[in-house]
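Residue numbers (our numbering): 4 to 49. Heads up, the beta-carbon is just placed ideally off N, CA and C, and yes, glycines get one too.
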């Protein structure tokens, strides 16, 4: 867990070569805060 609230980050789905990931960007400076492999729950949003 990054030391912040969900509203502090933008989540950007990305297509990867091996797997899809979601990049978390900080809304303060726009720098990537981390990334998360896409779980099956994201299939609901396609």
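7 Å Cβ cutoff met for residue i and residue j
i	j	result
residue 16	residue 25	yes
Nearest-angstrom Cα separation, counted from residue j out to residue i
i	j	result
residue 18	residue 40	10 Å
residue 2	residue 22	Only positions 4 to 49 of the chain appear in the structure, and residue 2 is not among them; the question remains open.
residue 37	residue 11	13 Å
residue 4	residue 13	The pLDDT assigned to residue 4 is 47, lower than 50, so where the model puts this residue is not dependable; a value taken from the coordinates is nonetheless given after this. For residue 4 and residue 13, the distance between alpha carbons rounds to 15 Å.
residue 27	residue 20	18 Å
Minimum Cβ-Cβ distance from residue i to chain B less than 7 Å
i	result
residue 28	The structure shown contains no chain B; it holds only a single protein chain.
Same chain, Cβ closer than 8 Å to residue i, five either side skipped, listed in chain order
i	result
residue 31	11
N- and C-terminal bounds of the beta strand (DSSP E) containing residue i
i	result
residue 37	35-40
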